[in-house]
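Working notes, beginning with the structure itself.
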Amino acid sequence: MLSIPGVARDQVWYEQPPFYNQPNLKYMVCPIRKSGFQDLAFLVPKDGPVGLIPKTMVFVNKIEDAIRLERYLRSRLPDRVRNGKQAFVIIQLITSNLDANTKTRVMEDLRYGNTRICVCTECAGMGINIPDIMRAVQFKIPDFIALPELLQRLGRGGRDKSCAAIAMVFVHPSQVLPDDVHMLEQSAFKNLRLPVSRENREQITDVIAQLYKNKLQSAKKTGNAYERTDPGILWFLNTSGCRRQLILACFMCKKAFKPFPDLADCCDNCMYNHTDAGQVPDFELHDVTARLAMMYKRTLEYSKLQISAERNRLRATNPRNPRTIAKQALACEKALDSFARQRWPDHSLADIKFLSDWRKRLAKVAIRITTVEQLHKELLLACHLRFSSLEACAQELVDIITSTALANSPNPPSP
Ligand SMILES: [Zn+2]
160 MLSIPGVARD QVWYEQPPFY NQPNLKYMVC PIRKSGFQDL AFLVPKDGPV GLIPKTMVFV
220 NKIEDAIRLE RYLRSRLPDR VRNGKQAFVI IQLITSNLDA NTKTRVMEDL RYGNTRICVC
280 TECAGMGINI PDIMRAVQFK IPDFIALPEL LQRLGRGGRD KSCAAIAMVF VHPSQVLPDD
340 VHMLEQSAFK NLRLPVSREN REQITDVIAQ LYKNKLQSAK KTGNAYERTD PGILWFLNTS
400 GCRRQLILAC FMCKKAFKPF PDLADCCDNC MYNHTDAGQV PDFELHDVTA RLAMMYKRTL
460 EYSKLQISAE RNRLRATNPR NPRTIAKQAL ACEKALDSFA RQRWPDHSLA DIKFLSDWRK
520 RLAKVAIRIT TVEQLHKELL LACHLRFSSL EACAQELVDI ITSTALANSP NPPSP
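Residue numbers (the numbering used here): 160 to 574.
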């Protein structure tokens, strides 16, 4: 039986990190956007040798879902493989209704790499110790899962601590707090944004003490999605800070308050919060993730500047003080241009296409209609799901911005 995180205990901070502390495992939270299992399509790339699919375990909550997902993933295999016997080995199932021998056989197939993706229900969470699982995915968070169990599942990834692995949690959008600042203000759960940091240690201690109290008081199966989900998981999903520090805090480990400066890409939030131009973390995934995170952060900075330039321009139409405001707008526009020139001089990002005029215009439309936060998530998701090359990703960023703009623009310009 798994214990409830530190909250249920006596509020003593421990030296020893919990079992769940896996620095090489990079946590990411992704809201589900498409219907069915389409958000998981990236698990089976359209082309390329199937033997190169990173070893993956995907956790779903019901046997029926496991069967459907297995079929879906298999349908995405290349033609030459899909209809042969091999297809049934490359993607396999482990569910509670399989007999022990079959389970052992599937595990061995996965261990030796004949199986690349294993779709599991909860029974497979424990006792599986295959070192080189590169991706551990939880698809949807049911009411009955608590934080330790989620971490057990995700912890199947990266057992070999010398290689980096990704742990992705796909959640229903109702389990993540609204992007909109005003809606967030009204939400009773806005505290769940709280980051774990040295500065707010006292506050964190209070939050942890309170976290499960309300949960235990309220009837379990009523209320909205927030109320039904494990509070520790909700905090993990919604924090604006490091997800790994949060896990350590939930288990009352003192290390929670020491940030991991050397691991700027330890989770999606760290990538956003710590990565900056010129600072490339020296870690196994650095080539792809850190560079993409840099690009993402730059795009974001750029879009923020665009927003303020846009606002100033709008304000400039205010007749009350036209001169000053027009000046401001001009200064802002200049700052924007020099920002773009400084940021992308002779870098591979220099030719990011949305800097061309019509795309820039579209980007502005996109930015006006999306909150910065939404934009983050779109960009980060794109960076991670399809990082075949940096160029491909740059193009992806452009496509996202332009397609959002086109969809929302009353008169789409012809390219
Ligand atoms: Zn982190």
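Using N, Cα and C, we set each Cβ at its ideal position, and we do this for glycine too.
Asked: Beta-carbon separation (whole angstroms), Gly316 vs Arg294, contact threshold 8 Å; Found: 6 Å
Asked: Opening and closing residue of the beta strand (DSSP E) in which Thr263 lies; Found: That residue, Thr263, is in no beta strand (DSSP E); its alpha helix (DSSP H) goes Ala259 to Arg270.
Asked: Closer than 8 Å: Tyr271 CB and nearest ligand 1 heavy atom; Found: no
Asked: Rounded Cβ spacing between Asn397 and Arg360 (contact assumed at less than 8 Å); Found: Not really, about 19 Å apart at Cβ, beyond 8 Å.
Asked: Check: Gln181 C-beta below 8 Å from any heavy atom of ligand 1; Found: no
Asked: C-alpha gap between Ile253 and Glu358, whole angstroms; Found: 44 Å
Asked: Test item: CB-CB of Ala326 and Met187 under 9 Å; Found: yes
Asked: Span of the beta strand (DSSP E), counted from its first residue to its last, around Cys189; Found: Leu184 to Pro190
Asked: Own chain partners of Val265 with C-beta closer than 7 Å, once the 5 adjacent residues on each side are dropped; Found: Gln251, Ile253, Thr274 and Cys277
Asked: Alpha carbon of Ser547 to alpha carbon of Ala246, nearest angstrom; Found: Its pLDDT being 48, under 50, Ser547 is placed unreliably by the model, and the measurement read from it follows with that caveat. Using only the alpha carbons, I get a separation of about 24 Å.
Asked: For Asn350 and Ile191, the rounded distance between their alpha carbons; Found: 23 Å
Asked: Residues surrounding ligand 1 [beta-carbon distance to nearest heavy atom under 6 Å]; Found: Cys401, Arg402, Arg403, Cys425, Cys426, Asn428 and Cys429
Asked: Length of the line joining the Cα atoms of Lys414 and Ser234; Found: 45 Å
Asked: Simplified DSSP assignment, three categories, for Phe201; Found: helix
Asked: Alpha carbon of Leu549 to alpha carbon of Asp198, nearest angstrom; Found: The predicted position of Leu549 is uncertain, since its pLDDT is 43 and thus under 50; no value can be drawn from it.
Asked: Alpha-carbon spacing of Ser255 relative to Arg270, whole angstroms; Found: 19 Å
Asked: Pro290, buried or exposed, once every other Cβ within 10 Å from all chains shown has been counted against 16; Found: exposed
Asked: The alpha helix (DSSP H) enclosing Ile392, as first and last residue numbers; Found: Pro390 to Asn397
Asked: DSSP-derived helix/strand/coil call for Thr215; Found: strand
Asked: Selection from Asp319, Phe395, Ile363 and Arg403 that minimises the alpha carbon distance to Val330; Found: Phe395
Asked: Span of the beta strand (DSSP E) around Arg294; Found: Arg294 to Phe298
Asked: Straight-line Cα distance separating Gln175 from Ile392; Found: 22 Å
Asked: From Leu236, Gly272, Gly210 and Phe196, residue whose alpha carbon lies closest to that of Val217; Found: Phe196
Asked: Paired residues, beta bridge with Phe329 - DSSP; Found: Cys189 and Phe298
Asked: Exposed unless 16 or more other CB atoms sit within 10 angstroms - verdict on Gly272; Found: exposed
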